[in-house]
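Engineer:
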Amino acid sequence: MHALRAWGDKWAVGEPPLRAEHHGHPIHPYVACATCGEPVRPDDLELISTVPDWDITGPKRPAQPPSDEPSATTPHRHSNLDERSPIPGRSESEPAAGS
8 MHALRAWGDK WAVGEPPLRA EHHGHPIHPY VACATCGEPV RPDDLELIST
58 VPDWDITGPK RPAQPPSDEP SATTPHRHSN LDERSPIPGR SESEPAAGS
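The sequence shown runs 8 to 106 under my numbering.
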């Protein structure tokens with residue numbers, strides 16, 4: 008939480024709305040390794056994918072050829088729509104409900 012608050016104090020507000028102190032002095036969060044106790048810097052990190060056939064940039068396998076099956080992200084055209092009608096499923100010659 009302290010790291011998130013520190014980020015917000017630096018980037019999201021002009022004046023921090025809260026100050027955290029430890030024995031009367033302000034705290035400044037940092038990340039330390041729980042195993043050896045050393046401070047952790049971005050250059051010290053090694054990112055290792057634990058997912059088979061993936062690395063940190065994504066899948067290692069070649070992309071699959073496109074399928075003819077629609078997916079959730081494929082735009083769909085509905086065949087029951089009349090191209091001239093602004094209302095789906097109704098042709099311009101059909102009267103509107105209540106007419």
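No residue lacks a Cβ here, since even glycine has one placed at the ideal position from N, Cα and C. Note that the coordinates shown come from a computational prediction; the quantities given were computed from them, not determined experimentally.
#1: Does the Cβ-Cβ distance between R26 and P33 come in under 8 Å?
#2: Please return the same chain residues whose Cβ sits closer than 6 Å to the Cβ of V38, not counting the five positions on each side in sequence.
#3: With H9 as the anchor, note down where its alpha helix (DSSP H) starts and where it stops.
#4: Secondary structure at D62, three-state DSSP: helix, strand or coil?
#5: Rounded to whole angstroms, what is the Cα-Cα separation between A19 and K67?
#6: Inspect the beta-carbon positions of S56 and D50 and report whether they are closer than 8 Å.
#7: Taking the alpha-carbon of P24 as reference, which of A13, V58, G31 has the nearest alpha-carbon?
Structural biologist: According to the data block:
#1: Here residue 26 corresponds to residue number 19 of the sequence shown, with the count starting at 1. Here residue 33 corresponds to residue number 26 of the sequence shown, with the count starting at 1. A Cβ-Cβ contact shorter than 8 Å links R26 with P33.
#2: The sequence position of residue 38 within the sequence shown is 31, counting from 1. If you ignore the 5 residues before and after V38, its C-beta comes within less than 6 Å of the C-beta of V47, all in its own chain and listed in chain order.
#3: On the sequence shown, residue 9 is found 2 positions in, with the first residue counted as 1. In the DSSP assignment, H9 falls within the alpha helix (DSSP H) that extends over 9-18.
#4: Within the sequence shown, residue 62 is the residue found at index 55, counting from 1. Residue state for D62 is assigned as strand, using DSSP reduced to three classes.
#5: Here residue 19 is taken as the residue at index 12 of the sequence shown, counted from 1. Here residue 67 is taken as the residue at index 60 of the sequence shown, counted from 1. Straight-line spacing of the CA atoms in A19 and K67 works out to 38 Å.
#6: Taking the first residue of the sequence shown as position 1, residue 56 is located at position 49. Taking the first residue of the sequence shown as position 1, residue 50 is located at position 43. No, Cβ-Cβ distance for S56 and D50 is not below 8 Å.
#7: Along the sequence shown, read from residue 1 onward, the residue named residue 24 stands at position 17. Closest by alpha carbon: A13.
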